[in-house]
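Those letters in the sequence shown? Residues 453 to 532, per my numbering, in order.
Single-structure report; data block below.
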Amino acid sequence: MVTVQRTQTGLRVERNTLKVLKGLAEYLDMSLGDLVEGIVLHAFEGKSPFGPETLAKIGQLKEVYGLTLTAADAHRLEER
Numbered sequence: 453m454v455t456v457q458r459t460q461t462g463l464r465v466e467r468n469t470l471k472v473l474k475g476l477a478e479y480l481d482m483s484l485g486d487l488v489e490g491i492v493l494h495a496f497e498g499k500s501p502f503g504p505e506t507l508a509k510i511g512q513l514k515e516v517y518g519l520t521l522t523a524a525d526a527h528r529l530e531e532r
């Protein structure tokens, strides 16, 4: 285990993206914060954080929660 110091933060995330993240965290039996940290640490090293089984679950969750955004939409989102 590595000891870290965490900071509470307010973070705005697109509604359906958050629903998928929460569903995935529940499926993986981890906190939302731990999931996001893991995704970011993998991304910082250019690695994929998910294997085929988890990607399939993400696909199911995206359908359930109506998430249609893709990586191509990143940095191009505009709030109503």
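Backbone N, C-alpha and C define an ideal beta-carbon position, used for all residues, glycine too.
DSSP, read as helix, strand or coil, puts F502 in coil. Counting only the Cα atoms, V492 lies some 24 Å from V516. The C-beta distance from P504 to G490 rounds to 17 Å, too long to meet the 8 Å contact threshold. Judged by DSSP secondary structure, H494 falls within the alpha helix (DSSP H) whose first and last residues are L484 to F496. Where A526 is concerned, there is no enclosing alpha helix (DSSP H), because DSSP gives it neither an H nor an E.
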